[in-house]
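Residue numbering for the sequence shown follows the working numbering, starting at 17 and increasing by one per position.
Structure, as structure tokens:
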Amino acid sequence: MPSRAHALKLESALVWLACAAPLILLLYWGFTARLTANPVEFVLRDLGLWGLRFLCLTLAVTLLAKYANMPRLMRYRRRIGLWAFAYVALHLTVYLGAAHEFDWAEIGADIAKRPYITIGMAAFALLVPLAVTSAHAVRRKMKPRSWRRLHRLVYLIAVMGAVHYFLLVKADTRSPILYGAIVAVLLAARLLPAARRRMGLA
């Protein structure tokens, strides 16, 4: 039906706009000189935080689709996951370029010295194959079981992202603790039903 097709297109466009909105707002703040006194640090943290938020949202979509009887959300899980990758990739680019001017010796020393940088780099390395295999052409070449097993890494990546954020913050840790709790709840909601089935309790 044309009306349904138009509604789906509008819905898809709104989801895309919602995902892009934080980046658009950040660019607007940059062009209008509304960033803080330390713009690099502000942009770095904002992009990283949105990457973590979209990772959490990717996990939440799966649970909402299953337990809240909202299966249509699943059509947007891939898109949200790719936006999570985009924000994390931009976060890394700002770290490498704006914060360290691609000084690889300095970056290497920073990775070795600061555990939160080490964890963040490892999380991004794990995120790359998930983004690559999200392409339909690549997914079709993989065995379904292998693809699902690989993409379960998103839970580990979310945990690493929360730990990265917690170790980064030196004073008020309420925000990273909140995100850590969100990731823990999402992880528990994913693992507990499977554990119950294995134990014959379901």
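Note that the Cβ used here is the ideal one computed from N, Cα and C, for glycine as well.
Using CA atoms only, rank isn't needed, just tell me which of Ile96, Ile133, Val110 and Asn54 is closest to valine 14. In the structure as shown, the chain begins at 17 and stops at 218. Residue 14 is therefore absent and cannot be evaluated.
Look at the Cβ atom of alanine 100, then the Cβ atom of glycine 67, and state whether they are nearer than 8 Å. Yes, they are a contact pair.
Could you check the C-alpha separation between valine 144 and tyrosine 111 for me, to the nearest Å? Distance between the alpha carbons of valine 144 and tyrosine 111: 17 Å.
Near alanine 76, which residues of its chain fall below 7 Å by C-beta distance, leaving aside the five closest residues on each side in sequence? Leu202
Under 8 Å between C-beta atoms of leucine 98 and alanine 153: No.
Check whether the Cβ atoms of leucine 183 and tyrosine 103 sit closer than 8 Å, and answer yes or no. Cβ atoms of leucine 183 and tyrosine 103: not closer than 8 Å.
According to DSSP, simplified to helix, strand and coil, what is aspartate 188? coil
By the DSSP assignment, the alpha helix (DSSP H) with glutamate 117 in it spans what residues? Membership of glutamate 117 in any alpha helix (DSSP H) is not indicated, and neither H nor E is assigned to it by DSSP.
Out of Arg206, Arg161 and Leu33, which has the shortest C-alpha to C-alpha gap to lysine 82? Arg206
Please classify threonine 74: is it buried, with 16 or more other beta-carbons within 10 angstroms of its beta-carbon, or exposed? Taking a 10 Å sphere around the C-beta of threonine 74, we find 16 or more other C-beta atoms and assign the residue as buried.
Let's test the definition: count the other Cβ atoms within 10 Å of the Cβ of aspartate 62 and tell me whether it reaches 16, buried, or not, exposed. Classification for aspartate 62: buried.
Just to check my reading of the structure: leucine 42 and valine 59 have Cβ atoms closer than 8 Å, yes? What is that Cβ distance to the nearest angstrom? By a beta-carbon distance limit of 8 Å, leucine 42 contacts valine 59. Their separation comes to about 7 Å.
First through last residue of the alpha helix (DSSP H) which encompasses proline 87: Where proline 87 is concerned, there is no enclosing alpha helix (DSSP H), given that its DSSP letter is neither H nor E.
Are the beta-carbon atoms belonging to serine 150 and arginine 91 less than 8 Å from one another? Arginine 91 is positioned such that its CB atom lies no closer than 8 Å to that of serine 150.
Which residue from Glu122, Met215 and Leu89 puts its Cα closest to that of serine 28? Leu89
Exposure of leucine 106, with buried meaning 16 or more beta-carbon neighbours within 10 Å: buried
For arginine 164, the nearest candidate out of Lys186, Val31 and Thr78 (CA to CA): Thr78
Tell me which same chain residues have a C-beta within less than 8 Å of the C-beta of phenylalanine 118, skipping the five on either side of it? Leu112
CB-CB length for histidine 180 against alanine 139, believed under 8 Å: With 8 Å as the limit, histidine 180 and alanine 139 qualify as a contact, their Cβ atoms being about 6 Å apart.
Would the beta-carbon of leucine 24 fall within 8 Å of that of isoleucine 173? no
As a quick exercise: from Asn54, Ala115 and Arg69, pick the residue whose alpha carbon is nearest that of alanine 36. Arg69
Close beta carbons around alanine 115, own chain, < 7 Å, minus the five adjacent residues each side: Val56 and Leu60
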